[in-house]
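Engineer:
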Amino acid sequence: MTHKIYLVLGSSPKFHIESLVTVDLFKILSNYNYALAGKAVRENLINNPDSVATDAMISFKTAIWLWMTPQGNKPSSQNVIIGKWTPTPANRSVGRVPSYGVITNIINGGLERGRGHDERVASRISFYKKYCDIMGLSYENNLDCYNQRPFD
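For reference, each letter of the sequence shown is one residue, going 1 to 152 in UniProt numbering.
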């Protein structure tokens, strides 16, 4: 089974339109994050954005970077999943608690959170549950980010 996630390039002198490119499991949004990811993986992603989609090693490196790296006031998805992120009372008050849903908020929050039911989210949750069931793992509540506020 192939999961498609998209890389969205923001506008810059080189990119005048928003482009959607299938990559791997994560989204890198904006040239700002493209530059950060490129620096981290030692690749010029701003001038060679297609390499994320066409070079498996770069795709893998950028996916790992996005998973492991806190951005702004967002924790890393890794810290959430391994229990190293403790939400503040302010986080809890807007629905952000350690869960699959908050990881979706971290990765895709600007596109999916706080908008009520979304078929993309429902589909992803179905896959998550399916794989948990296959591996004999339980899953927690808060699987979506429908009612969460974004990380500001």
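Even glycine gets a Cβ: it sits at the ideal position worked out from N, Cα and C.
It should be emphasised that the depicted structure is a prediction, and the values quoted were computed from it without experimental measurement.
With a 10 Å radius around its C-beta and 16 neighbouring C-beta atoms as the bar for buried, classify residue 147 as buried or exposed.
Structural biologist: Residue numbering aside, residue 147 sits at position 147 when the sequence shown is read from its first letter. With fewer than 16 other Cβ atoms within 10 Å, it is exposed.
Engineer: Taking 9 Å as the cut-off, decide whether the C-beta atoms of residue 112 and residue 102 are in contact.
Structural biologist: Within the sequence shown, the letter at position 112 stands for residue 112. Within the sequence shown, the letter at position 102 stands for residue 102. Annotated as distal: residue 112 and residue 102, with beta-carbon spacing of 9 Å or more.
Engineer: What does the alpha-carbon distance come out to for the pair residue 21 and residue 65?
Structural biologist: As a first step, residue 21 is located in the sequence shown; it is residue number 21 there, counting from the start. As a first step, residue 65 is located in the sequence shown; it is residue number 65 there, counting from the start. Model confidence at residue 21 stands at a pLDDT of 40, short of 50, so the residue's coordinates are unreliable; what they give is reported in the following sentence. Approximately 18 Å, taken between the alpha carbons.
Engineer: Would you decide whether residue 47 is buried or exposed? Buried here means 16 or more other CB atoms lie within 10 Å of its CB.
Structural biologist: Start at 1 with the first residue of the sequence shown, and residue 47 comes out as number 47. Residue 47 comes out exposed.
Engineer: If we call anything under 9 Å between Cβ atoms a contact, is residue 99 one with residue 31?
Structural biologist: The residue labelled residue 99 in the question sits at position 99 within the sequence shown. The residue labelled residue 31 in the question sits at position 31 within the sequence shown. No, Cβ-Cβ distance for residue 99 and residue 31 is not below 9 Å.
Engineer: How big is the Cα-Cα spacing for residue 79 and residue 86?
Structural biologist: On the sequence shown, position 79 is the one that residue 79 refers to. On the sequence shown, position 86 is the one that residue 86 refers to. Those two C-alpha atoms are separated by around 9 Å.
Engineer: Residue 74 by DSSP, collapsed to three states: which one?
Structural biologist: Counting from 1 along the sequence shown, the entry for residue 74 is found at position 74. The answer is strand: DSSP assigns residue 74 an E or B state.
Engineer: Within its chain, find whatever has a CB closer than 8 Å to the CB of residue 151; leave out the 5 residues flanking it on each side and keep chain order.
Structural biologist: Mapped onto the sequence shown, residue 151 falls at position 151. If we look at residue 151 and ignore the five residues flanking it on each side, its Cβ neighbours are 72, 73, 74, 96, 105, 106 and 109.
Engineer: With a CB to CB cut of under 6 Å and the five nearest residues on each side skipped, what residues in its chain are close to residue 40?
Structural biologist: Counted from its first residue, the sequence shown places residue 40 at position 40. Closer than 6 Å at the Cβ level, and outside the excluded window around residue 40, lie 65.
Engineer: Could you check the C-alpha separation between residue 24 and residue 125 for me, to the nearest Å?
Structural biologist: Taking the first residue of the sequence shown as 1, we reach residue 24 at position 24. Taking the first residue of the sequence shown as 1, we reach residue 125 at position 125. Its pLDDT being 40, under 50, residue 24 is placed unreliably by the model, and the measurement read from it follows with that caveat. So the two alpha carbons sit approximately 17 Å from each other.
Engineer: On a CA-only basis, which of 149, 128 and 145 is nearest residue 139? Give me that one, please.
Structural biologist: Numbered from 1 along the sequence shown, position 139 holds the residue referred to as residue 139. For the residues 149, 128 and 145, the minimum Cα distance to residue 139 belongs to 128.
Engineer: Run the CB neighbour count on residue 33, radius 10 Å, all protein chains shown included, and call it buried at 16 or more, exposed below.
Structural biologist: For this step, residue 33 is matched to residue 33 along the sequence shown. It is buried - the Cβ of residue 33 has at least 16 other Cβ atoms within 10 Å.
Engineer: Between residue 118 and residue 145, what straight-line distance do the alpha-carbon atoms span, to the nearest angstrom?
Structural biologist: Position 118 of the sequence shown, counted from the first residue, corresponds to residue 118. Position 145 of the sequence shown, counted from the first residue, corresponds to residue 145. Cα-Cα distance, rounded: 10 Å.
Engineer: Could you have a look at residue 67 and say whether DSSP puts it in helix, strand or coil?
Structural biologist: For the purposes of this step, residue 67 is taken as the residue at position 67 of the sequence shown. In this structure, residue 67 counts as helix in the three-state DSSP scheme.
Engineer: Give the DSSP-derived three-state secondary structure of residue 23 in the structure shown.
Structural biologist: For the purposes of this step, residue 23 is taken as residue 23 along the sequence shown, with counting starting at 1. For residue 23, the pLDDT reaches just 38, beneath the cut-off of 50, and the residue's location in the model is therefore unreliable, although a value from the coordinates is still provided. DSSP places residue 23 in coil when its eight states are reduced to three.
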